[in-house]
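Residue numbers (this note's numbering), protein chains in the order written: chain A, 8 to 344; chain B, 15 to 173.
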């Protein structure tokens with residue numbers, strides 16, 4: 008409540024504010040203020056699950072005499088972080104015209120290791136070698152962030168054992184499989200003093216004494232003794248801690264997250280524009296079947312108001328024929344398809 | 015390998031017959047092909063339209079639910095969830111022309127998200143939805159700029 012009257016006035020003038028408190032190659036900590044929790048949460052969700060990266064998706068095993076099963080190794084390989092710089096110029100496998108995979112939608116990595124000495128041999132991510140054409144010279148290279156530059160340990164070989172395999176790394180998002188996650192973790196916190204009572208803290212005798220204060224507790228005014236609960240208060244300051252797994256830099260994760268959210272919105276606006284001109288308005292006239300949308304995919308005999316704008320819609324290109332007057336999106340419809 | 019080759023050399027009708035017989039054991043793409051061929055026989059070029067529209071249908075991510083009126087409409091979004099829903103709900107509610115806005119995910123195992131918008135006279139629910147999307151985009155722009163600005167000034171102050 009203390010910050011509300013003053014800051015909220017500023018809020019209207021300033022709009023959202025971002026303050027960075029720490030930034031390096033592994034993490035970025037920032038505070039987003041004067042934003043709504045709904046937006047902050049969208050940003051968190053999109054950074055967690057919807058930023059495209061690249062990860063090994065297909066493994067062809069030519070030789071595996073190690074103690075680990077092929078699929079076991081394949082799973083480990085999938086989880087190895089690969090550099091995703093420039094992944095936007097890579098196509099999704101499903102969008103590519105090729106049969107299976109090609110250099111436009113994948114990066115090929117090979118791993119060939121044989122233990123020839125008499126000591127056990129360690130095979131690291133470093134031993135994964137990108138081969139063939141690539142979109143750029145870093146995309147798909149394993150991330151080696153440890154001091155020795157070895158990368159994660161994949162497996163160990165006893166003398167005489169050998170693995171030889173070929174991996175296809177593809178573009179994807181973490182919503183499909185966590186191996187495509189760009190972030191190792193995203194910290195998200197607000198209201199460090201729990202003034203809003205969004206948390207119900209468990210305690211033995213005194214919650215305040217038993218729970219350590221958050222690192223952000225000093226940033227916000229602690230509640231006054233005997234302060235009445237403010238029913239109208241809403242969270243206003245959000246503390247993010249975006250930790251990268253090495254495939255994208257932490258600040259790229261944030262900017263990419265916003266970009267993904269924008270692309271999502273742009274796609275919908277686009278579609279609404281298509282629909283707004285000839286579909287959505289027409290729809291209010293006359294009865295519709297409950298399967299309105301699904302019916303449309305049926306048998307191409309009839310034209311649907313939704314269908315391909317500009318194609319063969321009987322509503323024609325005129326946005327002005329709607330009962331609601333000209334929609335701002337009527338005009339452009341012919342060009343999308 | 016040679017066997018497969020000899021199959022290809024057979025006349026076209028024969029190939030489709032063979033494929034149909036093998037359908038239960040063959041893998042996915044071939045299976046689909048058989049279905050297509052089947053429909054081809056009934057409805058020549060209509061089939062093309064169908065596959066076209068199926069693709070279009072996949073791209074169709076918003077639809078208006080039945081029972082909607084100009085100022086009170088429910089929209090169904092495919093493949094969207096709380097990420098978009100909550101932020102859109104918030105930003106749409108901020109629009110002074112909007113009387114009511116809410117979102118729901120009716121069932122967690124269906125990738126669908128419903129948004130209900132009711133507006134006051136003078137605007138339509140569709141316009142309010144579009145405005146919501148644009149406002150959210152604007153908000154994204156601002157936050158993106160602010161973040162890049164903050165990052166650059168942070169980098170400048172502590173390299």
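For every residue, glycine included, the Cβ atom is placed at its ideal position computed from N, Cα and C. Just so it is clear, the structure is predicted and the values come from calculations on it, not from any experiment.
Please name the residue or residues paired with residue i in a DSSP beta bridge.
{"i": "residue 115 of chain B", "result": "B:131"}
{"i": "residue 101 of chain A", "result": "Paired residues: none, contrary to the question."}
{"i": "residue 29 of chain A", "result": "A:36"}
{"i": "residue 192 of chain A", "result": "A:250"}
{"i": "residue 165 of chain A", "result": "Note: residue 165 of chain A sits in no beta bridge, so no partner."}
{"i": "residue 90 of chain B", "result": "B:77, B:128"}
{"i": "residue 104 of chain B", "result": "Answer by DSSP bridge pairing: none, since residue 104 of chain B is not bridged."}
{"i": "residue 52 of chain A", "result": "None, per the DSSP bridge assignment."}
{"i": "residue 373 of chain A", "result": "Because chain A in this structure spans residues 8 to 344, residue 373 of chain A falls outside the shown range and cannot be described."}
Using the Cβ count rule (16 or more neighbours within 10 Å means buried), how would you classify residue i?
{"i": "residue 137 of chain A", "result": "buried"}
{"i": "residue 215 of chain A", "result": "exposed"}
{"i": "residue 29 of chain A", "result": "exposed"}
{"i": "residue 73 of chain A", "result": "buried"}
{"i": "residue 187 of chain A", "result": "buried"}
{"i": "residue 82 of chain B", "result": "buried"}
{"i": "residue 212 of chain A", "result": "exposed"}
{"i": "residue 224 of chain A", "result": "exposed"}
{"i": "residue 241 of chain A", "result": "exposed"}
{"i": "residue 107 of chain A", "result": "exposed"}
{"i": "residue 160 of chain A", "result": "exposed"}
{"i": "residue 168 of chain B", "result": "buried"}
{"i": "residue 115 of chain B", "result": "buried"}
{"i": "residue 123 of chain A", "result": "exposed"}
{"i": "residue 122 of chain B", "result": "exposed"}
{"i": "residue 120 of chain B", "result": "exposed"}
{"i": "residue 270 of chain A", "result": "exposed"}
Please tell me whether residue i and residue j are closer than 7 Å, where the distance is taken between their beta carbons.
{"i": "residue 51 of chain A", "j": "residue 193 of chain A", "result": "yes"}
{"i": "residue 145 of chain A", "j": "residue 95 of chain A", "result": "no"}
{"i": "residue 127 of chain B", "j": "residue 146 of chain B", "result": "no"}
{"i": "residue 125 of chain B", "j": "residue 131 of chain B", "result": "no"}
{"i": "residue 84 of chain A", "j": "residue 58 of chain A", "result": "no"}
{"i": "residue 258 of chain A", "j": "residue 77 of chain B", "result": "no"}
{"i": "residue 125 of chain A", "j": "residue 166 of chain A", "result": "yes"}
{"i": "residue 89 of chain A", "j": "residue 147 of chain A", "result": "yes"}
{"i": "residue 206 of chain A", "j": "residue 218 of chain A", "result": "no"}
{"i": "residue 114 of chain A", "j": "residue 249 of chain A", "result": "no"}
{"i": "residue 129 of chain A", "j": "residue 171 of chain A", "result": "no"}
{"i": "residue 175 of chain A", "j": "residue 132 of chain A", "result": "no"}
{"i": "residue 243 of chain A", "j": "residue 60 of chain A", "result": "no"}
{"i": "residue 134 of chain B", "j": "residue 113 of chain B", "result": "yes"}
{"i": "residue 98 of chain A", "j": "residue 111 of chain A", "result": "yes"}
{"i": "residue 177 of chain A", "j": "residue 56 of chain A", "result": "no"}
{"i": "residue 180 of chain A", "j": "residue 54 of chain A", "result": "no"}
{"i": "residue 151 of chain B", "j": "residue 162 of chain A", "result": "no"}
{"i": "residue 164 of chain A", "j": "residue 158 of chain A", "result": "no"}
{"i": "residue 267 of chain A", "j": "residue 160 of chain B", "result": "no"}
Run through DSSP, which three-state label would residue i get?
{"i": "residue 120 of chain B", "result": "coil"}
{"i": "residue 175 of chain A", "result": "strand"}
{"i": "residue 164 of chain B", "result": "helix"}
{"i": "residue 214 of chain A", "result": "helix"}
{"i": "residue 71 of chain A", "result": "strand"}
{"i": "residue 223 of chain A", "result": "coil"}
{"i": "residue 149 of chain A", "result": "strand"}
{"i": "residue 236 of chain A", "result": "coil"}
{"i": "residue 202 of chain A", "result": "coil"}
{"i": "residue 64 of chain A", "result": "strand"}
{"i": "residue 170 of chain A", "result": "strand"}
{"i": "residue 24 of chain A", "result": "strand"}
{"i": "residue 255 of chain A", "result": "coil"}
{"i": "residue 143 of chain B", "result": "helix"}
{"i": "residue 89 of chain A", "result": "strand"}
{"i": "residue 83 of chain B", "result": "strand"}
{"i": "residue 157 of chain A", "result": "coil"}
{"i": "residue 158 of chain B", "result": "helix"}
{"i": "residue 344 of chain A", "result": "Note on residue 344 of chain A: pLDDT 40, under 50, position unreliable in the model; no value is reported."}
{"i": "residue 96 of chain A", "result": "helix"}
{"i": "residue 297 of chain A", "result": "Note that residue 297 of chain A has pLDDT 45, beneath the 50 cutoff, so the model's placement of it is unreliable and the number below is only indicative. In the structure shown, residue 297 of chain A sits in coil (DSSP, three-state: anything other than H, G, I, E or B)."}
Minimum length 3: unbroken beta strand (DSSP E) runs contained in the segment 100-141 of chain A: Entirely contained in the segment 100-141 of chain A, the beta strand (DSSP E) runs reaching 3 residues are, in chain order, 113-121, 128-131, 136-138.
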